[in-house]
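To start, the structure itself, in structure tokens.
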Amino acid sequence: MPVISRFYGIVVFINYNDHNPPHFHARYQDQEVIVEIQSGIVTGSMSRRALQMLFEWAGEHQEELLDNWNRARERRALVPIAPLS
Numbered sequence: 003m004p005v006i007s008r009f010y011g012i013v014v015f016i017n018y019n020d021h022n023p024p025h026f027h028a029r030y031q032d033q034e035v036i037v038e039i040q041s042g043i044v045t046g047s048m049s050r051r052a053l054q055m056l057f058e059w060a061g062e063h064q065e066e067l068l069d070n071w072n073r074a075r076e077r078r079a080l081v082p083i084a085p086l087s
């Protein structure tokens with residue numbers, strides 16, 4: 003799984019050639035979610051605090067997430083995204 007960012011124990015990754023709609027995966031401890039990039043719809047569960055940080059980060063990097071989604075679909079190298087500051 004290509005990791006694109008890590009912050010506060012949250013690991014964010016996008017799988018190559020994954021199914022639509024555009025989304026990313028995130029893990030925090032033993033919790034995992036899938037987040038649709040454009041709608042913010044979440045599948046899975048994660049602590050409220052971690053999820054809030056993840057949403058803040060995703061909001062700041064939506065364009066980069068979509069670019070990485072397209073790169074993954076084309077099986078190109080993914081570009082790391084800055085962590086939440």
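Residue numbers for the sequence shown follow the numbering used here, beginning at 3 and rising by one. Using N, Cα and C, we set each Cβ at its ideal position, and we do this for glycine too.
Check	Outcome
Can you name, in chain order, every residue of its own chain whose Cβ lies under 8 Å from the Cβ of R8, other than the five neighbours on each side?	V14, P85
Assign Q33 to one of three DSSP states: helix, strand, or coil.	strand
From what residue to what residue does the beta strand (DSSP E) around R51 run?	Run containing R51: none in the beta strand (DSSP E); it sits in the alpha helix (DSSP H), 50–62.
Are the beta-carbon atoms belonging to I39 and A52 less than 9 Å from one another?	no
Let's see if you can read the secondary structure: which residues bound the beta strand (DSSP E) around S47?	44–47
Taking all protein chains shown into account, do 16 or more other C-beta atoms lie within 10 angstroms of the C-beta of R77, making it buried, or fewer, making it exposed?	exposed
Residues in its own chain within less than 7 Å of F57 by CB, not counting five upstream and five downstream?	G42
Grab me the residues of G46's own chain with a C-beta within less than 8 Å of its C-beta, minus the 5 sequence neighbours each way, in chain order.	Q33, E34, V35, I36
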